[in-house]
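One structure is given below, encoded as structure tokens.
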Amino acid sequence: MARLTTKLLIATAVLATAACTTKREEALPPAPVGSQAPGYQQPTTGNAIIPGSAADFLRSVTSDTIHFALDQFDIDPEARAILDSQSAWLTKYPNVRVTIEGHCDERGTREYNLALGDRRANAAKNYLAARGVSPMRITTISYGKERPIALGSDEASWAQNRRAVTIVIN
85 MARLTTKLLI
95 ATAVLATAAC
105 TTKREEALPP
115 APVGSQAPGY
125 QQPTTGNAII
135 PGSAADFLRS
145 VTSDTIHFAL
155 DQFDIDPEAR
165 AILDSQSAWL
175 TKYPNVRVTI
185 EGHCDERGTR
195 EYNLALGDRR
205 ANAAKNYLAA
215 RGVSPMRITT
225 ISYGKERPIA
235 LGSDEASWAQ
245 NRRAVTIVIN
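Numbered per the numbering used here, the sequence shown spans residues 85 to 254.
What follows is the structure, given as structure tokens:
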């Protein structure tokens with residue numbers, strides 16, 4: 085009888101301890117630090133833009149964003165033109181590092197979209213590397229469908245969210 089009582093006390097203590105644990109909330113990656121982030125301000129000196137800064141990058145290149153077709157990560161001619169302007173700027177400033185963010189639309193599972201966002205970011209990185217930018221200066225991150233810029237469930241919104249964004253790290 086004493087063994088049964090001891091076992092019941094131990095089982096009760098284990099259950100009470102398990103009931104007290106808190107469930108950790110899922111941590112999302114930090115918000116993007118690019119031109120599209122709310123509240124982002126470009127570094128400037130008075131009214132002048134500092135050469136080699138994020139503001140200079142945004143002023144000098146065609147765009148910081150390339151877009152992709154549904155379930156695709158290949159670089160189309162429009163994306164090539166944008167990445168060519170980015171590689172020219174990066175060649176001019178060899179000490180500047182960048183992060184390329186891969187994004188997807190809301191369709192598909194979280195895991196699928198994280199993998200597709202990674203392929204998109206790496207496709208842009210590989211293109212820049214083929215144009216002579218050192219891959220050591222480029223980091224990639226995939227946000228999958230977690231950071232949409234267009235909030236809508238229509239083709240126009242989805243097309244805006246299928247992208248890779250180049251962010252200058254100051």
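No residue lacks a Cβ here, since even glycine has one placed at the ideal position from N, Cα and C. Everything numeric in this text was worked out from a predicted model, so none of it was measured.
- About 6 Å separates the CB atoms of residue 204 and residue 152; that is less than 8 Å, so the two are in contact.
- Residues of the same chain with a CB within less than 6 Å of the CB of residue 219, apart from the 5 flanking positions on each side, are 213 in chain order.
- Residue 134 is classed as exposed because its beta carbon has fewer than 16 other beta carbons within 10 Å across all chains shown.
- In the three-state reduction of the DSSP assignment, residue 149 falls in the strand class.
- Secondary structure at residue 201: helix, using DSSP grouped into helix, strand and coil.
- A residue is called buried when at least 16 other Cβ atoms come within 10 angstroms of its Cβ; residue 165 does not meet this threshold and is exposed.
- Between the alpha carbons of residue 226 and residue 237 lies a distance of about 21 Å.
- In the structure shown, residue 165 adopts helical secondary structure according to DSSP, grouped into three states.
- One Cα belongs to residue 156, the other to residue 94, and the distance between them is close to 56 Å.
- Within its own chain, the residues whose Cβ lies closer than 6 Å to the Cβ of residue 215, once the five positions on either side in sequence are excluded, are 171, listed in chain order.
- For residue 230, the secondary structure class from DSSP, reduced to helix, strand or coil, is coil.
- According to the DSSP secondary-structure assignment, residue 183 is paired through a beta bridge with 223, 251.
- In the three-state reduction of the DSSP assignment, residue 159 falls in the coil class, being assigned neither a helical nor a strand state.
- Taking the Cα of residue 181 as reference, the smallest distance to any Cα among 188, 137, 244 is reached at 137.
- Take residue 211, set aside five residues on each side of it, and the residues of its chain with a beta-carbon closer than 6 Å to its own are 159, 167, in chain order.
- Taking a C-beta distance under 9 Å as the contact criterion, residue 247 and residue 233 qualify as a contact pair.
- Excluding the 5 residues flanking it on each side, residue 185 has same chain C-beta neighbours closer than 7 Å at 116, 205, 225, 227, 248, 249, 251, in chain order.
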